[in-house]
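Data block below; observations after.
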Amino acid sequence: MRLSPLLLAGLVLLSAACSQPKTEQAKTPPAYFALNSYLDQNLRCLAGQNLTLRKATVLNGAREQKTFSADSATWAAELAPLRRADLSAPALRDAYNQYDSAGWNVYQAKATAGKVKIKWLRLQLNDTGKLLAMDALEQERNLLFYSERRIELRSDAGHCPALWSYRVQGKQKMIFQDSLLFDVLVQQAD
1 MRLSPLLLAG LVLLSAACSQ PKTEQAKTPP AYFALNSYLD QNLRCLAGQN LTLRKATVLN
61 GAREQKTFSA DSATWAAELA PLRRADLSAP ALRDAYNQYD SAGWNVYQAK ATAGKVKIKW
121 LRLQLNDTGK LLAMDALEQE RNLLFYSERR IELRSDAGHC PALWSYRVQG KQKMIFQDSL
181 LFDVLVQQAD
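All letters in the sequence shown, in the order written, are residues 1 to 190 by the working numbering.
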């Protein structure tokens, strides 16, 4: 079957009108940032490096600070709390509303369903879509237990590894027990 030249030209014009310029595509908010993939990529970078970490911990006012060298297993354990903020699971696709602040490369996802643990997530990306900062609020509540964690991650998109600090702070409360307040800050010491 031959298409008439007029129909063919119309299809070409229609497809060109529907496509976005490349500059706008870079500014489009990510459907869901694959945080676990980002952390896996950083773990691969960290595996070959002997970086020194500085970890400051506060538990109910008692402060502790230590400096240590981390291998890949230590890094995997250190980054485990950050993995909970990954919203890219297919089951979570409809559980969040997304917002972006035009021109600032800041994107937010707020929970619309009450059963999800991550209540909000904020991502700050550079102009090429690389992660600069992530903030999230995780809450878990049932009859016996309440937990709230604020998770922060900071990175330098131009380096490998990009991740240079993270913080988890919050509180936990079990029924008939005192609250536990905590703040953990981990940074590269180098």
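Yeah, the Cβ is synthetic: ideal placement off N, Cα and C, and Gly gets one too.
In angstroms with no decimal places, state the Cα-to-Cα distance between residue i and residue j.
i, j, result
"threonine 67", "aspartate 86", "28 angstroms"
"proline 161", "threonine 112", "34 angstroms"
"aspartate 127", "asparagine 105", "7 angstroms"
"glycine 170", "threonine 74", "22 angstroms"
"alanine 34", "leucine 82", "12 angstroms"
"phenylalanine 145", "isoleucine 175", "6 angstroms"
"lysine 115", "alanine 89", "15 angstroms"
"histidine 159", "arginine 44", "13 angstroms"
"phenylalanine 182", "alanine 56", "11 angstroms"
"leucine 185", "aspartate 94", "32 angstroms"
"glutamine 65", "leucine 59", "12 angstroms"
"glutamine 172", "isoleucine 118", "15 angstroms"
"tryptophan 120", "alanine 47", "31 angstroms"
"arginine 141", "serine 179", "14 angstroms"
What residue range is occupied by the uninterrupted alpha helix (DSSP H) comprising residue i?
i, result
"serine 37", "35-47"
Just to confirm, are residue i and residue j a CB contact at a threshold of 8 angstroms?
i, j, result
"glutamate 152", "arginine 167", "yes"
"serine 165", "glutamine 187", "yes"
"glutamine 124", "alanine 109", "no"
"leucine 79", "leucine 39", "yes"
"alanine 133", "arginine 154", "yes"
"serine 69", "asparagine 42", "no"
"alanine 189", "arginine 54", "yes"
Helix or strand or just coil, what does DSSP make of residue i?
i, result
"proline 29", "Any answer about proline 29 is weak, because its pLDDT of 46 lies below 50 and its placement is not dependable; what the coordinates show is given next. Proline 29: coil per DSSP, three-state reduction."
"alanine 80", "helix"
"leucine 144", "coil"
"alanine 73", "helix"
"leucine 51", "coil"
"leucine 194", "With the chain running from 1 to 190 in the structure shown, residue 194 is simply not present."
"leucine 132", "strand"
"leucine 137", "strand"
"leucine 87", "coil"
"glutamate 24", "For glutamate 24, the predicted structure reports a pLDDT of 42, less than 50, and the residue's modelled location is therefore unreliable. A value from the coordinates is still provided. Looking at glutamate 24 - three-state DSSP - the assignment turns out to be helix."
If you follow the beta strand (DSSP E) that residue i is in, where does it begin and where does it stop?
i, result
"alanine 111", "106-111"
"serine 101", "96-101"
*Whole alpha helix (DSSP H) elements within the stretch 140-185, 4-residue minimum*: none
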